[in-house]
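Sequence positions in the sequence shown follow full-length UniProt numbering and run 1 to 61.
Taking it in order: structure first as structure tokens, then the write-up.
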Amino acid sequence: MRTTYCSLVDQYLPKYLEDDVSSVRKEQIKEHLSSCPDCRGDYKRLKFVLSHLSQVEEYCS
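Okay, here's the thing in structure tokens:
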């Protein structure tokens, strides 16, 4: 079940994956991902897409 905090996590996921969030925010997101299967799924999908995009970028360079 999505919560209000899920919306906030959605906004920060790209920056979280780039390690571009404060240590406090990082811990909050990490804690939320451990307890929220919906956001954890979003995280895994985004991580998958970003890793494949970087492979495409490397190929095209």
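Note that beta-carbon positions come from the ideal geometry of N, C-alpha and C, so glycine has one too.
Remember, predicted model here, so these are calculated numbers, not experimental data.
Quiz item: If we call anything under 7 angstroms between Cβ atoms a contact, is L50 one with L13?
Solution: Counting from 1 along the sequence shown, the entry for residue 50 is found at position 50. Counting from 1 along the sequence shown, the entry for residue 13 is found at position 13. It is not a contact, given that the beta carbons lie outside the stated cut-off.
Quiz item: Alpha carbon to alpha carbon, how far is Y5 from C60?
Solution: For this step, residue 5 is matched to residue 5 along the sequence shown. For this step, residue 60 is matched to residue 60 along the sequence shown. So the two alpha carbons sit approximately 37 angstroms from each other.
Quiz item: T4 lies in the alpha helix (DSSP H); which residues open and close that run?
Solution: For the purposes of this step, residue 4 is identified with residue 4 of the sequence shown, where counting begins at 1. Looking at the DSSP string, the run of the alpha helix (DSSP H) that includes T4 is 4 to 17.
Practice problem: With a threshold of 16 other CB atoms inside 10 Å of the CB of V9, please say whether the residue is buried or exposed. | Solution: The residue labelled residue 9 in the question sits at position 9 within the sequence shown. Under this definition V9 is a buried residue.
Practice problem: Quick one: grab the DSSP three-state call for C60. | Solution: As a position in the sequence shown, residue 60 is number 60, starting the count at 1. It is helical.
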